[in-house]
Amino acid sequence: MLVSKTKHGGRVSLAEKHNKEKLKELRCMENFYCPVCDEQVILKVGSKRIPHFAHKAGSVCADSYERESDYHLRGKILLYNWLDSLGLKPILEAYYHEISQRPDISFVYGDIQYAIEYQCSVIPEELFMKRTTNYFRANITPIWIMAGKNIKRKGSNKAALSSFDYLFLSKYSSEHWHIPSFCPDTNTLITLHSILPVTVKNVITRYSMIHLEKAQLIDLLNPSGKQLVSLNEWQIEIRKEKNLSPLYGTPNNKFLSELYRHSLIPSLLPPEIGLPVSYAPFIETSALKWQSYLLMDLFYNKRLFSMKDVFQAFRKRVQKGDIQIRRLPLVKEGNELAAVKEYIGLLVKVNFLIMVDDNYFQVARKRYIKNNVEQEKIEMEFYQKYGKMIGKLLNKIQ
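Numbering (this note's numbering), first residue to last: 487 to 884.
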């Protein structure tokens, strides 16, 4: 940690510029104490790491269990100095007694109290959820920033996100999904925005990078995605998934077995299966899979069905473990059923479903595509007819 108390209640912050020799002298003259637990801490001034305070071995303080790397300490100092240069009067490692939490940096902007958690290591999901919930309950808006080095790029417009990475996903006041990250090595704020999940891990995205000296607060709170993901990119990726699904499967793959039992082949699924929806991040299972389950359970199985039937079929798959739900602690609006409802609405717009009345739907056409030639023709006609409309919706959902 970078902040400690003195015996007389003073505050020592290592974010300020200190000469190492002066710090060594201060270490000989003063005792330092943890602001959280009041245990005595050690001022470490070495040649390999930046100066910092550390608990003694065997400490029972909760803050002593999560060791901060040099990468983390440097990043925290740079972010603090940046916010200070913007005139926000940030506080380094302020301790909130009512929730027993100490964010890396806190500041007030527009009458809103913010808490920055610059997280460079993986922590248990439940701990992430607990900290986030506590902040919201205390009327504090948390900003979780990922370490730039932890971004798993898969090209200029793709990334792989782990279940832990998804915890950083947010919208704040913007309608765009984004994940903020920071790299102290390059002093760069890196934002993944316009995030569109394709598989459990792989996403289509856009990267924006700005040097911290040129960044404004809006680049952190509400980054704007100037470049959006195109429908053509989605088509290419979802087509790859349809073609490669059998190769990913094992001999006992339940999903593939169910498809084959319904006389369906992944590569020959209709174009209405595997469509992008804005609330997709709430569902961990790929769009190709969960939409296929609805196809098998309802669309090709029942003559009429209601939205209640759709939700029940979806929940049943969740209970059976066929569909996995993702928790997004930083997102206050939306859930997995919003994604399902949105998908049903899209199927009505592309004339796959017909609204019989205010409560029931009916499949307009049941298609069992026989071969790749027929599939290519149907898919091309589908996107020629509905591509512009889907593209507009896609721009709105990013």
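A virtual CB, placed ideally from N, CA and C, is assigned to each residue, including glycine.
Beta-carbon within less than 8 Å of residue i's beta-carbon, same chain only, minus the 5 sequence neighbours each way: which residues are those?
{"i": "P709", "result": "S660, H662, H664, P666, T677, H679 and S694"}
{"i": "W720", "result": "L682, V684, I690, P762 and L880"}
{"i": "Y551", "result": "Any reading at Y551 must be qualified, since the residue scores a pLDDT of 47, below 50, and its modelled position is unreliable; the value itself is stated next. Same-chain partners within the cutoff: there are none."}
{"i": "K506", "result": "V531 and P537"}
{"i": "I864", "result": "P756, P757, R853 and I855"}
Which of the three DSSP states, helix, strand or coil, is assigned to residue i?
{"i": "T771", "result": "coil"}
{"i": "P589", "result": "coil"}
{"i": "L574", "result": "coil"}
{"i": "M515", "result": "helix"}
{"i": "F868", "result": "helix"}
{"i": "W630", "result": "strand"}
{"i": "F622", "result": "helix"}
{"i": "P815", "result": "coil"}
{"i": "P666", "result": "strand"}
{"i": "R789", "result": "coil"}
{"i": "M487", "result": "coil"}
{"i": "N739", "result": "coil"}
{"i": "Y652", "result": "helix"}
{"i": "E758", "result": "coil"}
{"i": "Q810", "result": "coil"}
{"i": "A646", "result": "strand"}
{"i": "I751", "result": "coil"}
{"i": "I563", "result": "helix"}
{"i": "R497", "result": "strand"}
{"i": "Y551", "result": "With a pLDDT of only 47 at Y551, under the threshold of 50, the placement of this residue in the model should not be trusted; the figure read from the coordinates follows. Three-state result, Y551: coil."}
{"i": "Q702", "result": "coil"}
{"i": "S778", "result": "helix"}
Report the rounded CA-to-CA distance for residue i versus residue j, giving the unit in angstroms.
{"i": "T619", "j": "L816", "result": "9 Å"}
{"i": "T672", "j": "H697", "result": "8 Å"}
{"i": "R801", "j": "I626", "result": "33 Å"}
{"i": "H541", "j": "L509", "result": "17 Å"}
{"i": "H558", "j": "M632", "result": "10 Å"}
{"i": "K726", "j": "K640", "result": "15 Å"}
{"i": "L706", "j": "I602", "result": "11 Å"}
{"i": "R692", "j": "V849", "result": "36 Å"}
{"i": "E554", "j": "R560", "result": "10 Å"}
{"i": "Y581", "j": "P521", "result": "7 Å"}
{"i": "D844", "j": "G820", "result": "23 Å"}
{"i": "G634", "j": "F797", "result": "38 Å"}
{"i": "V826", "j": "Y746", "result": "24 Å"}
{"i": "A773", "j": "D795", "result": "19 Å"}
{"i": "I830", "j": "Y621", "result": "35 Å"}
{"i": "L572", "j": "P752", "result": "53 Å"}
{"i": "M793", "j": "Y652", "result": "28 Å"}
{"i": "R617", "j": "I724", "result": "36 Å"}
{"i": "I840", "j": "V859", "result": "27 Å"}
{"i": "Y869", "j": "Q861", "result": "12 Å"}
{"i": "K775", "j": "R803", "result": "11 Å"}
{"i": "C514", "j": "G495", "result": "18 Å"}
{"i": "I722", "j": "N567", "result": "43 Å"}
{"i": "F668", "j": "D597", "result": "25 Å"}
{"i": "L569", "j": "K657", "result": "21 Å"}
Can you round the beta-carbon distance between residue i and residue j to whole angstroms, since I take them to be within the 8 Å contact cut?
{"i": "L714", "j": "N881", "result": "5 Å"}
{"i": "Y600", "j": "S607", "result": "Contact doesn't hold; Cβ gap of about 22 Å is too wide."}
{"i": "L574", "j": "A501", "result": "That pair is no contact at about 14 Å."}
{"i": "N643", "j": "I690", "result": "6 Å"}
{"i": "K562", "j": "D590", "result": "5 Å"}
{"i": "I811", "j": "Y779", "result": "At roughly 14 Å, the Cβ-Cβ gap does not stay under 8 Å, so I811 and Y779 are not in contact."}
{"i": "K728", "j": "L755", "result": "6 Å"}
{"i": "Y786", "j": "K852", "result": "6 Å"}
Between which residues of its own chain and residue i is the CB-CB distance below 7 Å, once the five residues before and five after are set aside?
{"i": "E758", "result": "L833, V836 and F838"}
{"i": "N857", "result": "none"}
{"i": "E516", "result": "T492"}
{"i": "A624", "result": "Y582, E584 and I585"}
{"i": "G545", "result": "First, the amino acid is wrong: residue 545 is Ser here, not Gly. Excluding sequence neighbours, S545 sits near E525."}
{"i": "Q805", "result": "none"}
{"i": "E770", "result": "V686, Q810, I811 and R812"}
Are the Cβ atoms of residue i and residue j separated by less than 8 Å?
{"i": "Y519", "j": "V527", "result": "yes"}
{"i": "L565", "j": "Y604", "result": "yes"}
{"i": "F768", "j": "F847", "result": "no"}
{"i": "A799", "j": "L784", "result": "yes"}
{"i": "F539", "j": "M615", "result": "no"}
{"i": "E828", "j": "S731", "result": "no"}
{"i": "I855", "j": "L717", "result": "no"}
{"i": "I585", "j": "D556", "result": "no"}
{"i": "E744", "j": "M782", "result": "yes"}
{"i": "E611", "j": "F650", "result": "yes"}
Go through its chain and collect everything with a Cβ distance to residue i's Cβ below 6 Å, but skip five positions before and after it.
{"i": "A701", "result": "L675"}
{"i": "S499", "result": "V489 and L578"}
{"i": "S648", "result": "none"}
{"i": "A824", "result": "Y765"}
{"i": "K878", "result": "none"}
When the cut-off is 8 Å and only beta carbons count, does residue i lie next to chain B?
{"i": "V489", "result": "Structure shown: chain B not included; a single protein chain is present."}
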